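Novice: Starting off with a structure, shown below.
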Amino acid sequence: MGTENNDIEHKMIDHWGEAHRAFLRGRLLHNVRIEHLWCDMHKDCLEMLIHRL
């Protein structure tokens, strides 16, 4: 399991509190789904913006 996001997780918990669940943790397989969702969302938002220009 990667450790590159541990500092970010601790900062988010310090800021938002543990109950807020501001940080996703899980196996890489689960993170890939979230990253795919972000890619789709960014792509759709960019397409909408480009069509408005």
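Mapping to full-length UniProt numbering: the sequence shown position 32 is 32, numbers consecutive.
The beta-carbon is built from N, C-alpha and C at its ideal position, and this holds for glycine as well.
Note that this is a predicted model, so its numbers are computed, not measured.
1) In terms of residues, what are the limits of the alpha helix (DSSP H) holding H20?
2) Distance check for R52 and M1, CA to CA, integer angstroms please.
3) Using DSSP with H/G/I as helix, E/B as strand and the rest coil, what is N6?
4) If you run the structure through DSSP and keep just helix, strand and coil, what is L46?
5) Output the distance between the C-alpha atoms of M48 and D40, rounded to the nearest integer angstrom.
Specialist: In short:
1) Counting from 1 along the sequence shown, the entry for residue 20 is found at position 20. Per DSSP, H20 belongs to no alpha helix (DSSP H) and is neither H nor E.
2) Here residue 1 refers to the residue found at position 1 when the sequence shown is read from its first residue. Here residue 52 refers to the residue found at position 52 when the sequence shown is read from its first residue. In this prediction, M1 scores a pLDDT of 49, lower than 50, which makes its location untrustworthy; no coordinate-derived value is stated.
3) By 1-based counting over the sequence shown, the position of residue 6 is 6. If DSSP states are grouped into helix, strand and coil, N6 belongs with the helices.
4) Mapped onto the sequence shown, residue 46 falls at position 46. Note: L46 maps to helix in three-state DSSP.
5) As a first step, residue 48 is located in the sequence shown; it is residue number 48 there, counting from the start. As a first step, residue 40 is located in the sequence shown; it is residue number 40 there, counting from the start. So the two alpha carbons sit approximately 12 Å from each other.
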